[in-house]
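Residue numbers (this note's numbering): 2 to 478. Right, one structure below, let's go through it.
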Amino acid sequence: MAEEKLPTRADDFAEWYNQLVIRAEMADYAPVRGCMVVRPYGWALWENIQQALDKRFKATGHMNAAFPLLIPKSFLEKEKEHVEGFSPELAIVTIGGGEILEEPLIVRPTSETVIGYMYAKWIKSYRDLPVLINQWGNVVRWELRTKLFLRTLEFYWQEGHTAHATAQEAQEETLRMLDVYADFAINEAAVPVIKGIKSPTEKFAGAIQSTTIEAMMGDTRALQSGTSHFLGQNFAKAFNIQYLDVNNTLQHCWTTSWGLSTRFIGAIIMTHGDDQGLVLPPRLAPIQVVIIPIYKNDVERSAVTEVVEKLKSELGAFRIKIDDRTEVTPGFKFNDWEMRGVPLRIEVGPKDVEKGTLALSRRDHPGRAGKSFVPQTGIASNVADTLDDIQKSLLARATVFRDANIHDPQNYEELKEVVTKGWAYSWWCESPECEARVKEDTKASTRCIPIDQTSGSGTCVVCGEKATKKVYYAKSY
RNA sequence: CGGGGUGUAGCGCAGUUGGUAGCGCACCGCGUUUGGGACGCGGGGGCCGGCGGUUCAAGUCCGCCCACCCCGACCA
Numbered sequence: 002m003a004e005e006k007l008p009t010r011a012d013d014f015a016e017w018y019n020q021l022v023i024r025a026e027m028a029d030y031a032p033v034r035g036c037m038v039v040r041p042y043g044w045a046l047w048e049n050i051q052q053a054l055d056k057r058f059k060a061t062g063h064m065n066a067a068f069p070l071l072i073p074k075s076f077l078e079k080e081k082e083h084v085e086g087f088s089p090e091l092a093i094v095t096i097g098g099g100e101i102l103e104e105p106l107i108v109r110p111t112s113e114t115v116i117g118y119m120y121a122k123w124i125k126s127y128r129d130l131p132v133l134i135n136q137w138g139n140v141v142r143w144e145l146r147t148k149l150f151l152r153t154l155e156f157y158w159q160e161g162h163t164a165h166a167t168a169q170e171a172q173e174e175t176l177r178m179l180d181v182y183a184d185f186a187i188n189e190a191a192v193p194v195i196k197g198i199k200s201p202t203e204k205f206a207g208a209i210q211s212t213t214i215e216a217m218m219g220d221t222r223a224l225q226s227g228t229s230h231f232l233g234q235n236f237a238k239a240f241n242i243q244y245l246d247v248n249n250t251l252q253h254c255w256t257t258s259w260g261l262s263t264r265f266i267g268a269i270i271m272t273h274g275d276d277q278g279l280v281l282p283p284r285l286a287p288i289q290v291v292i293i294p295i296y297k298n299d300v301e302r303s304a305v306t307e308v309v310e311k312l313k314s315e316l317g318a319f320r321i322k323i324d325d326r327t328e329v330t331p332g333f334k335f336n337d338w339e340m341r342g343v344p345l346r347i348e349v350g351p352k353d354v355e356k357g358t359l360a361l362s363r364r365d366h367p368g369r370a371g372k373s374f375v376p377q378t379g380i381a382s383n384v385a386d387t388l389d390d391i392q393k394s395l396l397a398r399a400t401v402f403r404d405a406n407i408h409d410p411q412n413y414e415e416l417k418e419v420v421t422k423g424w425a426y427s428w429w430c431e432s433p434e435c436e437a438r439v440k441e442d443t444k445a446s447t448r449c450i451p452i453d454q455t456s457g458s459g460t461c462v463v464c465g466e467k468a469t470k471k472v473y474y475a476k477s478y
């Protein structure tokens, strides 16, 4: 077993995160620098994320497919911004089967190019549109500074790629999928997110416009948790994705792409985690209820086991785990499962057998504070209600925390102060110079221009010029 | 790639003026324990990052490499 205490978040948030990911067995370091192994407990969480998203993708008319890992290097070069954005972080295969390849292959950093190539083959007529495809897969980006889940050389994600007849349709798709991400984040992961538009300097390489869901982590830094891009006709032109319209005129398609990655696991950890460890949202938690039998001797054991068996059948609708390890004490198990973030714990001991009760502990109130004694009868509906309540309270708590750490600086000096301890929400004249100046002075970047903002105008907090949009500035992961 | 740091058991560390390696946790066995991180006894485990040098003798001194971590230029 691991050592007893994690560093606290206040002491060292980065170290808290690193140790927690390892000790909760979410992931581990792989032999290659910057690569991670996602362990079964972490992958189970990812599978629940996948399910929640995939259901939504299907409901909005998308189908899954699989495109290859290897892409001809020349493909990347067909879109100018795209190649400039990605070339520094490409892994390139130059030898295959012992022979030097005539054309090097890149390990996909994202799949716009191959998918664009295929779409050009498949799309002939307006009747073929829209094409709505998603792929679940992995990509490689040769990052310099890595951190488990948040930034690794290889990561797992989904990338949706769609082609449309009109710009408007493609823009609608971009926003539709941003809504899907926000709905997923808020309602499944209990992670409050802000939907917004990336500044031109922060957008995806090759996009006309990128939108994002931004979340605030427990140290107040921002995390881009999902993105959706309107690609205009950039890739359609680079790959000749064309169709004949109703008037028999050849047109370029309008395309989009959108992605959410295993980074989101990091978002969940850093949004809800506390000094005891992980706190997983009930709807996504691999284990929703852990049951811990407590007994001193064989007589007690058989009586307790009987209750546990009954619980097992009554709680069939939930993801449960019975921790019947004999080599560790109940006290150890309490701490262990709290560290792993299981939302609800049920303890069954001799006293409960006698009184017809159970001890129920909520993870969102760690330690003895979250423990209450409840009757065995009606446990299934009690569990359902409690999980639901935990889900709600996690979202509420994270939202309160976020809003308490968004500031409204009145001038540039205040902005510089505020971004050291939270986010700034300020008028921005939309000039890249002001954006760059803030980054230079504070390390905080623009996160997004939120979509939901009241119209109006003010003066740019940096230069004092007229501004019609407010933007979030924050340090980010 | 620039600045700083660290390499000794799975992890965290100690190792004195050079004398052939130890502690805590984890792991294995037995017993007692078990309602908030149990205890006793007994075990297993090391090319001391690598190569070379000095020396009768190097974890320790010298040189050169290598790896990793932290901080600065890029990113879901």
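Cβ atoms here follow ideal geometry from the backbone N, Cα and C, with glycine treated the same way.
| M217 lies in the alpha helix (DSSP H); which residues open and close that run? | Unbroken run through M217 is the beta strand (DSSP E), 210 to 217; no alpha helix (DSSP H).
| said: On a Cα-Cα basis, can you pick out the residue from Q243, K204, S458, E144 that is closest to P433? | reply: K204
| With 16 other Cβ atoms within 10 Å as the buried cut-off, status of N135 | buried
| field | Supposed contact pair L133 and H63 - C-beta distance, whole angstroms, cut 8 Å | value | 4 Å
| field | Beta-carbon contacts of Q20 that lie in its chain and below 7 Å, excluding the five residues immediately before and after | value | L7, P8
| field | Under the three-state DSSP convention, the category C449 falls into | value | strand
| message | Quick check on DSSP: helix, strand or coil for F68? | response | coil
| Is the distance from the Cβ of G267 to the Cβ of L395 below 8 Å? | no
| Same chain, Cβ closer than 6 Å to E415, five either side skipped, listed in chain order | none
| Given that a residue counts as buried once 16 or more other Cβ atoms are within 10 Å of its Cβ, and exposed if not, what is V384? | buried
| task | State the DSSP-derived secondary structure class of Q172, mapped to helix, strand or coil. | result | helix
| query | In chain order, what residues of the same chain lie with their CB nearer than 6 Å to the CB of P451, ignoring the 5 residues before and after it? | reply | I195, G197
| message | Within a Cβ cutoff of 6 Å, which residues of the same chain sit near D220, ignoring the five residues on either side of it in sequence? | response | F14
| request: For R369, count neighbouring C-beta atoms within 10 Å of its own C-beta (all shown protein chains included) and say buried if the count is 16 or more, exposed if not. | output: exposed
| request: Report all residues from its chain with a CB closer than 8 Å to the CB of N482; omit the five preceding and five following residues, and keep chain order. | output: With the chain covering only 2 through 478, there is no way to say anything about residue 482.
| E328 to K334, Cα distance in whole Å? | 10 Å
| query | So what's S88 in DSSP terms, helix, strand or just coil? | reply | helix
| request: List the residues that DSSP assigns as beta-bridge partners of Y30. | output: M37
| Roughly how many angstroms lie between the CA atoms of W17 and G278, to the nearest whole one? | 8 Å
| query | Using 8 Å as the Cβ pair cut-off and three pairs as the minimum, do the stretch 47 to 66 and the stretch 302 to 319 touch? | reply | no
| Which full runs of the alpha helix (DSSP H) of 4+ residues lie inside the stretch 218 to 261, going along the chain? | 235 to 240
| Local conformation of L1 per DSSP, three classes | With the chain covering 2 to 478 only, the question about residue 1 has no answer from this structure.
| query | Helix, strand or coil for P8 per DSSP? | reply | coil
| Boundaries (first-last residue) of the alpha helix (DSSP H) holding V375 | From DSSP, V375 is part of no alpha helix (DSSP H) but of the beta strand (DSSP E) over 372 to 376.
| By Cβ distance below 6 Å, which residues in the same chain neighbour K79 in space, the five residues on each side in sequence not counted? | A239
| Bounding residues of the beta strand (DSSP E) (the contiguous stretch that carries N135) | 132 to 141
| request: Could I get the ranges of all uninterrupted beta strand (DSSP E) runs contained in the stretch 374 to 454, with 3 residues as the minimum, in chain order? | output: 424 to 429, 446 to 451
| request: Would you decide whether Q1 is buried or exposed? Buried here means 16 or more other CB atoms lie within 10 Å of its CB. | output: Outside the displayed span of the chain (2 to 478) sits residue 1, for which this structure offers no information.
| Ordered along the chain, which non-local residues of its own chain (more than five positions away) have a Cβ less than 7 Å from that of G459? | W428, A468
| query | Taking C-beta to C-beta, are E104 and K74 nearer than 8 Å? | reply | yes
| Do the stretch 104 to 121 and the stretch 42 to 59 make contact, defined as three or more Cβ pairs closer than 8 Å? | no
| said: At the level of alpha carbons, what is the spacing between G357 and G350? | reply: 10 Å
| said: Taking only three categories from DSSP, how would you classify A268? | reply: helix
| said: Please tell me whether H83 and A171 are closer than 8 Å, where the distance is taken between their beta carbons. | reply: no
| task | Give every residue of the same chain whose Cβ lies closer than 6 Å to the Cβ of D353, excluding the five residues on either side of it in the sequence, and list them in chain order. | result | L359
| query | DSSP three-state call for A3: helix, strand or coil? | reply | At A3, the pLDDT of 40 sits below 50, so the modelled position is not reliable; the number obtained from the coordinates is stated separately. Coil.
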